[in-house]
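Participant: The sequence shown begins at 31 in this note's numbering and counts up by one. All C-beta atoms in this analysis are idealised placements derived from N, C-alpha and C, irrespective of residue type, glycine included.
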Amino acid sequence: MKHNLKITAIILGMFLLTQFIGLLVQHADVFHIQQEVNGTMQNVSNPQLYWLQPPEPQSQSESFGFLGSLIIAFIIAIFLFFILSKFRIEFILKLWFFSVVFIALFISIYAFEKIMPFIVIAPSLALFIPIIIALPLAWFKIFGRNLYVHNSTELLVYPGIAAIFVPLLNLWTIILLLILISVYDIWAVWHSGFMQKMAKYQINKLNVFSGFFVPYVGKKLRQKIRLMREKAKTSKKAQQEFKRKKIKVNVAILGGGDVIFPIITAGVMLSIFGFLSALFVIVGATLGLAYLFFNSEKKKFYPAMPFITTGIFLALIAYWILGFLF
């Protein structure tokens, strides 16, 4: 196992919690509201979020067209990131991250507003409240450095981003997207090493990481640090040595893509087949990730998406078999 049981449980717990938050955000359907039309209540576009409203494909060919656009946009984003990092334009990259994080947090907070029971919020406040909450959180996340703020906001960032992409996809396009992303992940981690380089650049140069980030020290090192602290209390020389000492910290990370694609898949399944199918996706993705964590080796890098995708596909097969039988 690459990380100890406690750290593995923390990462898996955050992953699972984010998936369920994603379901809540998707269920809230922030881009539509109930409105009376010709005497009947209908789902109509939310005028408050027209500036974020994703297009909705009306046919299979349109959905594949949107998938092609997403893939092109993904390639362009990777290319831009590479160019900006090559020329060390960190501030532009941070502004880019800040914009994405702010919009995602805004959507998730707006979604929670919408599904709150017994609370009616005026339209102007419904926009204002998410803004005043999301803005400082996004700023502190990107331009400040706090581990708790980073990981807690990650729980809301990926559900917010997923809410924009779910309407663009259907069953076949999300299956194809999972396969393509898994192949890319294998290439980026095991062949080119691009994913490791990008992660190191984000952590060391940008002080920003798109994903869960949990630093920790092993049991032996904790004991060594404890002894050094005790010595530092009784000796000024030991205290100075302790301050100069560089301590190597282990880091458990899970990339944002590994979190968001299962959320998107669960959202698509929720919109087509209902809650149970989405639940199967979440369980399958979590089991696939758990299998990777429990079978990975220390000091080695692994692409998570092939394992997560395999778990999702097996879970969907199980869902359809159970549906056929019962």
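1. What runs of the beta strand (DSSP E), each 3 residues or longer, lie entirely inside the stretch 263-343?
2. Over what stretch of residues does the beta strand (DSSP E) that includes Gln64 continue unbroken?
3. On the criterion of 16 or more Cβ atoms from any shown chain inside 10 Å, does Gln226 qualify as buried, or is it exposed?
4. Please classify Tyr349 as buried or exposed, where buried requires at least 16 neighbouring CB atoms within 10 angstroms.
5. Just to confirm, is the Cβ distance from Leu138 to Pro189 under 7 angstroms?
6. Below 6 angstroms CB to CB, which residues in the same chain sit around Pro87 once its five sequence neighbours on both sides are set aside?
7. Answer with buried or exposed for Ser222, where buried requires no fewer than 16 other C-beta atoms within 10 angstroms of its C-beta.
8. Please classify Lys171 as buried or exposed, where buried requires at least 16 other C-beta atoms within 10 Å of its C-beta.
9. Determine the DSSP secondary structure at Tyr140, reduced to helix, strand or coil.
10. Can you tell me the Cβ-Cβ gap for Gln56 and Gly297, rounded? I've got them flagged as a contact below 8 angstroms.
11. Inspect the beta-carbon positions of Gly241 and Gly285 and report whether they are closer than 7 angstroms.
12. Would you say the beta carbon of Ile351 comes nearer than 6 angstroms to a heavy atom of the ligand GDP?
13. With distances taken between CB atoms, is the gap from Tyr140 to Pro160 smaller than 7 angstroms?
14. Please tell me whether Leu322 and Phe337 are closer than 7 angstroms, where the distance is taken between their beta carbons.
15. Between which two residues does the beta strand (DSSP E) carrying Gly241 extend?
16. Name the DSSP beta bridge partners of Met71, please?
17. Which of the three DSSP states is assigned to Gly52 in this structure?
18. Can you tell me the Cα-Cα spacing of Ile113 and Phe61, whole angstroms?
19. Does DSSP put Leu185 in a helix, in a strand, or in coil?
20. Measuring only the C-alpha atoms, how far is Gly52 from Met299?
21. Have a look at Ile312, Val311, Phe243 and Ala315 and flag the residue whose alpha-carbon is nearest the alpha-carbon of Asn280.
22. Assuming Lys32 and Lys278 form a contact by the criterion Cβ under 8 angstroms, report the distance between their Cβ atoms to the nearest whole angstrom.
23. Measuring straight from C-alpha to C-alpha, what distance separates Pro245 and Ile233?
24. Please list the terminal residues of the continuous alpha helix (DSSP H) segment that includes Glu92.
Facilitator: Inspection of the coordinates gives the following:
1. 280-285
2. Position 34 of the sequence shown, counted from the first residue, corresponds to residue 64. Segment His62 to Val67, the beta strand (DSSP E) holding Gln64.
3. In the sequence shown, residue 226 corresponds to position 196, counting from 1. Exposed is the call here.
4. Numbered from its first residue, the sequence shown carries residue 349 at position 319. Buried is the call here.
5. Position 108 of the sequence shown, counted from the first residue, corresponds to residue 138. Position 159 of the sequence shown, counted from the first residue, corresponds to residue 189. The question names Leu, but residue 138 is Ser in the sequence shown. Contact flag set, yes.
6. Mapped onto the sequence shown, residue 87 falls at position 57. For Pro87, where only same-chain residues beyond five positions count, the Cβ hits under 6 angstroms are Ser93 and Phe96.
7. The count along the sequence shown starts at 1 and reaches residue 222 at position 192. When all chains shown are included, Ser222 counts as exposed.
8. Taking the sequence shown and counting its residues from 1, the one referred to as residue 171 is at position 141. The residue in question, Lys171, is buried, as its Cβ has 16 or more Cβ neighbours within 10 Å.
9. Counting from 1 along the sequence shown, the entry for residue 140 is found at position 110. Correct three-state label for Tyr140: helix.
10. On the sequence shown, position 26 is the one that residue 56 refers to. On the sequence shown, position 267 is the one that residue 297 refers to. Right, their Cβ atoms sit about 4 angstroms apart.
11. Working through the sequence shown from its first residue, we reach residue 241 at position 211. Working through the sequence shown from its first residue, we reach residue 285 at position 255. Yes, the pair counts as a contact, with Cβ atoms nearer than the cut-off.
12. What this structure holds is no ligand at all, so the ligand GDP is not there to describe.
13. Residue mapping note: residue 140 aligns to position 110 of the sequence shown, counting from 1. Residue mapping note: residue 160 aligns to position 130 of the sequence shown, counting from 1. In this structure, Pro160 lies closer than 7 angstroms to Tyr140 by Cβ.
14. For the purposes of this step, residue 322 is identified with residue 292 of the sequence shown, where counting begins at 1. For the purposes of this step, residue 337 is identified with residue 307 of the sequence shown, where counting begins at 1. Yes. Within cutoff.
15. For the purposes of this step, residue 241 is identified with residue 211 of the sequence shown, where counting begins at 1. Looking at the DSSP string, the run of the beta strand (DSSP E) that includes Gly241 is Gly241 to Tyr246.
16. What you label residue 71 is simply residue 41 of the sequence shown in a count that begins at 1. Answer is Glu66.
17. Here residue 52 is taken as the residue at index 22 of the sequence shown, counted from 1. DSSP places Gly52 in helix when its eight states are reduced to three.
18. The residue you call residue 113 lines up with position 83 of the sequence shown. The residue you call residue 61 lines up with position 31 of the sequence shown. Approximately 34 angstroms between the Cα atoms of the pair.
19. Start at 1 with the first residue of the sequence shown, and residue 185 comes out as number 155. Helix, per DSSP.
20. Here residue 52 corresponds to residue number 22 of the sequence shown, with the count starting at 1. Here residue 299 corresponds to residue number 269 of the sequence shown, with the count starting at 1. Going from the Cα of Gly52 to the Cα of Met299 covers about 12 angstroms.
21. Position 250 of the sequence shown holds residue 280. The shortest C-alpha separation from Asn280 is found at Phe243.
22. For the purposes of this step, residue 32 is taken as the residue at position 2 of the sequence shown. For the purposes of this step, residue 278 is taken as the residue at position 248 of the sequence shown. With a Cβ gap of about 16 angstroms, Lys32 and Lys278 do not count as contacting.
23. For the purposes of this step, residue 245 is taken as the residue at position 215 of the sequence shown. For the purposes of this step, residue 233 is taken as the residue at position 203 of the sequence shown. One C-alpha to the other measures close to 12 angstroms.
24. Your numbering for residue 92 matches position 62 in the sequence shown. Looking at the DSSP string, the run of the alpha helix (DSSP H) that includes Glu92 is Gln90 to Lys116.
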